[in-house]
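Number of protein chains: 2
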Amino acid sequence: MALPRAARTQRRTRIQEAKEEQILEAALEVFSLHGFRGATVDQIAEVAGMSKPNLLYYFRTKEAMHRALITRVLDTWLDPLREFDAEGNPVSEIRSYIRRKLEMARDFPRESRLFANEILQGAPNIEDELKGPLKSLVDEKAEVIRVWAKAGKIAKCDPYHLIFSIWSTTQHYADFDVQVRAVLGQDQAGEGRFEDAARFLEQLFLTGLHVSEQPA
Amino acid sequence: MALPRAARTQRRTRIQEAKEEQILEAALEVFSLHGFRGATVDQIAEVAGMSKPNLLYYFRTKEAMHRALITRVLDTWLDPLREFDAEGNPVSEIRSYIRRKLEMARDFPRESRLFANEILQGAPNIEDELKGPLKSLVDEKAEVIRVWAKAGKIAKCDPYHLIFSIWSTTQHYADFDVQVRAVLGQDQAGEGRFEDAARFLEQLFLTGLHVSEQPA
DNA sequence: TGATAATTTGACCGGTTGGTAAACATTACA
DNA sequence: TGTAATGTTTACCAACCGGTCAAATTATCA
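Taken in order, these protein sequences are the chains called A and B.
Per the working numbering, the very first residue in the first sequence carries number 24; after that it's consecutive.
Per the working numbering, the very first residue in the second sequence carries number 24; after that it's consecutive.
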């Protein structure tokens with residue numbers, strides 16, 4: 024019969040572990056580039072360096088691949104927010120969060136784009152996870168921010184929209200990379216744009232465009 | 024022979040104008056929801072309320088439809104930035120720009136998502152327009168901002184990244200709508216979230232999280 | 001009205017896509 | 001080593017998809 028995934032033994036072989044990793048890596052490459060419907064199983068198989076039926080031996084359907092990938096990505100995607108520490112200094116916590124999210128946009132653009140693709144398509148496969156684990160985590164951290172604001176440690180503001188704005192500004196450099204590059208031009212093409220972005224965003228979130236510290 | 028588009032007369036019939044409008048409306052609906060490859064001509068034809076061959080009589084290929092749509096959307100997408108006035112008051116110009124972009128996200132989410140989809144896929148069809156008209160316009164407005172900063176009317180900052188951050192924060196409410204709704208929950212589901220967002224973004228861009236005006 | 005051009009449709013086609021069947025190869029292990 | 005489970009491949013299929021064709025229908029106007 025040859026059942027593919029951990030069926031009989033419930034413990035995965037080393038070869039299974041390795042191949043599944045290999046497949047998910049390829050799937051990430053292709054899905055993030057073309058979206059779910061735009062990606063083809065043949066493409067993924069080619070990138071993974073194996074035949075299509077062999078790939079389908081490990082993941083029975085294209086959708087199963089996508090699901091496995093999405094759940095994993097969502098998890099690492101949320102890591103920076105989890106590190107958000109209620110006991111820390113508010114300003115430096117927010118600053119660190121921005122920096123971490125920006126580093127993720129720089130180092131894991133494919134993951135960011137995969138996620139963006141999924142949300143953009145209406146999140147058909149992860150609506151539950153958005154309304155469940157994600158919402159819970161955000162609620163928790165929003166409460167932290169609310170308390171900080173109440174204590175006068177940061178300005179009073181809507182914590183949810185604060186989180187949204189950090190997400191959007193940082194992920195922008197991964198999801199809209201083509202546009203950013205096109206606008207900045209060749210000269211600014213290097214990785215320097217991430218440092219510029221970090222500098223700008225830090226200023227934006229901490230003092231806005233308010234004229235204060237900068238002397239003429 | 025029956026040439027479809029303005030070929031012989033070069034002047035489009037009223038019926039042509041109407042049908043093409045009808046098709047582009049349907050195409051916007053479908054493309055914005057599923058992306059280029061995810062959308063099917065049959066789907067678009069069904070939404071447009073006509074047969075597939077009839078649709079292909081007006082737009083010879085799926086790509087022609089997409090191109091027509093993208094160029095039009097890019098144009099309206101840039102309108103708010105065009106209104107950015109060098110002679111106006113810096114703070115209120117930036118505030119107006121944010122408000123206009125946010126209104127677009129609220130009133131034309133499909134257009135925003137269509138554009139996001141295209142950029143996310145690497146902008147295969149509009150790279151030239153990004154590097155041409157779009158870059159030119161942004162360069163022009165960035166220069167305006169730079170002068171304002173130099174004159175001490177707003178804080179010194181990178182004008183390009185300022186524009187990026189306005190784009191990303193506002194479009195987020197269209198492109199990531201599903202996520203925003205999921206996180207805010209049902210109670211905040213109404214259109215009130217756009218007012219909250221406007222309030223927050225105004226605060227963010229003008230004074231950041233800096234504690235200043237808000238008394239304990 | 002008649003004729004010509006514009007519009008619409010059902011039937012169809014070749015290529016692609018997700019997935020299957022079954023034979024073949026390799027590994028694990030008694 | 002033998003054998004059963006696991007892994008891999010070739011050949012294939014049915015559904016779908018973008019697009020064509022020729023015939024039918026409708027609008028235009030002399």
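Just so you know, even glycine gets a beta-carbon here, dropped at the ideal spot from N, CA and C.
Since the model is a prediction, treat every value here as computed from it, not as a measurement.
Three or more beta-carbon pairs under 8 Å between the stretch 79-89 of chain A and the stretch 180-190 of chain A, yes or no?
-> no
With 8 Å as the threshold, decide whether the Cβ of A178 of chain A is near any Cβ in chain B.
-> Taking the first sequence and counting its residues from 1, one reaches residue 178 of chain A at position 155. Cβ-Cβ to chain B under 8 Å: yes for A178 of chain A.
For I121 of chain B, which residues of its own chain have a beta-carbon under 7 Å away from its beta-carbon, when the five flanking residues on both sides are left out?
-> Here residue 121 of chain B refers to the residue found at position 98 of the second sequence. Excluding sequence neighbours, I121 of chain B sits near I189, T193, L224, E225, F228.
Taking 8 Å as the CB-CB limit, is Q144 of chain A close to chain B?
-> As a first step, residue 144 of chain A must be located in the first sequence, where it is residue number 121. Yes, Q144 of chain A counts as interfacial toward chain B.
Considering T94 of chain B, what are the terminal residues of the alpha helix (DSSP H) in which it resides?
-> Taking the second sequence and counting its residues from 1, one reaches residue 94 of chain B at position 71. Segment 85-106, the alpha helix (DSSP H) holding T94 of chain B.
For the alpha helix (DSSP H) that contains N148 of chain B, what are its first and last residues?
-> Your numbering for residue 148 of chain B matches position 125 in the second sequence. First-last for N148 of chain B: undefined, no H or E at that position.
Within chain A, the residues that E150 of chain B reaches when beta carbons sit closer than 9 Å | One-based indexing of the second sequence puts residue 150 of chain B at position 127. Chain A residues near E150 of chain B: V201, A205.
Closer than 8 Å, Cβ to Cβ, to anything on chain B: give me those residues from the stretch 48-71 of chain A, in chain order.
-> L56, H57, G58, F59, R60, G61
Using a cut-off of 8 Å between C-beta atoms, extract the partners of L223 of chain B located in chain A.
-> Position 200 of the second sequence, counting from 1, holds the residue named residue 223 of chain B. Checking the sequence shown, residue 223 of chain B turns out to be Phe, not Leu. In chain order: C180, D181, H184, L185, S188.
Per-residue contacts from K154 of chain A into chain B (C-beta, under 7 Å) | In the first sequence, counting from the first residue as 1, residue 154 of chain A sits at position 131. Those are A205, listed as they occur along chain B.
Is Q211 of chain B buried or exposed, if buried means 16 or more other CB atoms sit within 10 Å of its CB?
-> In the second sequence, the residue the question calls residue 211 of chain B occupies position 188. Exposed, because fewer than 16 other Cβ atoms sit within 10 Å of the Cβ of Q211 of chain B.
Would a check of beta-carbon distances place T230 of chain B closer than 8 Å to chain A?
-> Counting from one through the second sequence, the residue named residue 230 of chain B turns up at place 207. Yes, T230 of chain B lies at the interface with chain A (some Cβ there is under 8 Å from its Cβ).
Give a yes or no on whether the minimum CB-CB distance between K75 of chain A and chain B is below 8 Å.
-> Mapped onto the first sequence, residue 75 of chain A falls at position 52. Closer than 8 Å: no.
Using 8 Å as the Cβ pair cut-off and three pairs as the minimum, do the stretch 120-139 of chain A and the stretch 207-221 of chain A touch?
-> yes
Closest by C-alpha distance to F217 of chain A, when choosing among A:E44, A:V206, A:Y196 | As a working mapping, residue 217 of chain A is identified with position 194 in the first sequence. When only C-alpha atoms are compared, the closest one is A:Y196.
To the nearest whole angstrom, what separates the beta carbons of Q45 of chain B and A71 of chain B, a pair I think is in contact under 8 Å?
-> Within the second sequence, residue 45 of chain B is the residue found at index 22, counting from 1. Within the second sequence, residue 71 of chain B is the residue found at index 48, counting from 1. Right, the Cβ-Cβ distance comes to about 5 Å (below 8 Å), so this counts as a contact.
Buried versus exposed call for R37 of chain A [16 or more other C-beta atoms within 10 Å across all chains shown] | Position 14 of the first sequence holds residue 37 of chain A. Exposed, by the Cβ-count rule.
Work out the CA separation of L47 of chain A and L92 of chain A for me, nearest whole Å.
-> Start at 1 with the first residue of the first sequence, and residue 92 of chain A comes out as number 69. Start at 1 with the first residue of the first sequence, and residue 47 of chain A comes out as number 24. Looking at the two C-alpha atoms, the distance is approximately 6 Å.
Terminal residues of the alpha helix (DSSP H) in which M127 of chain B lies | Mapped onto the second sequence, residue 127 of chain B falls at position 104. From DSSP, the alpha helix (DSSP H) with M127 of chain B extends over 113-130.
Hey, would you say the C-beta of L232 of chain A is under 7 Å away from at least one heavy atom of the ligand HEM?
-> In terms of ligand content, the structure shown is empty, and the ligand HEM therefore cannot be addressed.
For the alpha helix (DSSP H) that contains K173 of chain B, what are its first and last residues?
-> Taking the first residue of the second sequence as 1, we reach residue 173 of chain B at position 150. It spans 158-173 - the alpha helix (DSSP H) in which K173 of chain B sits, taken as one unbroken run.
Output yes if chain A places a C-beta closer than 8 Å to the C-beta of I117 of chain B; else output no.
-> If you number the second sequence from 1, residue 117 of chain B lands on position 94. For I117 of chain B, the answer is yes, since a Cβ of chain A falls inside 8 Å of its Cβ.
Work out the CA separation of E106 of chain A and V114 of chain B for me, nearest whole Å.
-> As a first step, residue 114 of chain B must be located in the second sequence, where it is residue number 91. As a first step, residue 106 of chain A must be located in the first sequence, where it is residue number 83. Spanning the two alpha carbons is a distance of roughly 35 Å.
Where does P245 of chain A land, buried or exposed, given buried means 16+ other C-beta within 10 angstroms?
-> The structure shown does not extend to residue 245 of chain A, since chain A spans only 24 to 239, so no value can be given for it.
Within 8 Å, strictly: CB atoms of K164 of chain A and L104 of chain A = On the first sequence, residue 164 of chain A is found 141 positions in, with the first residue counted as 1. On the first sequence, residue 104 of chain A is found 81 positions in, with the first residue counted as 1. In this structure, L104 of chain A lies closer than 8 Å to K164 of chain A by Cβ.
Under a Cβ-count criterion, where at least 16 other Cβ atoms within 10 Å of its own Cβ denotes burial, should D98 of chain A be classed as buried or exposed?
-> Residue numbering aside, residue 98 of chain A sits at position 75 when the first sequence is read from its first letter. Classification of D98 of chain A: exposed, given that the 10 Å Cβ count is below 16.
Below-8 Å beta-carbon distance, A239 of chain B vs any chain A residue | Numbered from 1 along the second sequence, position 216 holds the residue referred to as residue 239 of chain B. Note on A239 of chain B: pLDDT 38, under 50, position unreliable in the model; the coordinate value appears next. So, interface residue.
What number of angstroms, rounded off, separates the C-alpha of R118 of chain A from the C-alpha of V234 of chain B?
-> The residue given as residue 118 of chain A occupies position 95 in the first sequence. The residue given as residue 234 of chain B occupies position 211 in the second sequence. Their backbone Cα atoms lie some 15 Å apart in a straight line.
Any C-beta of chain A under 8 Å from that of K158 of chain B | Position 135 of the second sequence, counted from the start, is the residue given in the question as residue 158 of chain B. It does; some Cβ of chain A falls within 8 Å.
Quick one: grab the DSSP three-state call for E225 of chain B.
-> Numbered from its first residue, the second sequence carries residue 225 of chain B at position 202. DSSP places E225 of chain B in helix when its eight states are reduced to three.
Identify the contact partners of G111 of chain A in chain B, using a Cβ-Cβ distance below 8 Å as the criterion.
-> On the first sequence, residue 111 of chain A is found 88 positions in, with the first residue counted as 1. None at all; the shortest Cβ gap to chain B is about 15 Å.
List, in order along the chain, the chain B residues whose C-beta lies closer than 7 Å to that of V234 of chain A?
-> Taking the first sequence and counting its residues from 1, the one referred to as residue 234 of chain A is at position 211. By Cβ distance, chain B contributes G175, I177, A178.
Chain-ordered neighbours of A128 of chain A on chain B, where CB pairs are closer than 8 Å | For this step, residue 128 of chain A is matched to residue 105 along the first sequence. Ordered by position in chain B, no residue passes the 8 Å Cβ test against A128 of chain A, which lies about 11 Å from the chain.
Residues near Q33 of chain B by beta carbon distance below 6 Å, same chain, minus five either side = Position 10 of the second sequence holds residue 33 of chain B. Reliability fails at Q33 of chain B, whose pLDDT of 49 lies under 50, so the model's placement of it is uncertain and the value that follows must be treated cautiously. Nothing meets the Cβ criterion.
Just to confirm, are R136 of chain A and S55 of chain A a CB contact at a threshold of 8 Å?
-> Taking the first residue of the first sequence as 1, we reach residue 136 of chain A at position 113. Taking the first residue of the first sequence as 1, we reach residue 55 of chain A at position 32. Contact: yes.
What distance in whole Å lies between the Cβ atoms of F199 of chain A and I142 of chain B, which are believed to be in contact at a cut-off of 8 Å?
-> Here residue 142 of chain B refers to the residue found at position 119 when the second sequence is read from its first residue. Here residue 199 of chain A refers to the residue found at position 176 when the first sequence is read from its first residue. That belief holds up - the Cβ atoms of I142 of chain B and F199 of chain A are roughly 5 Å apart, short of 8 Å.
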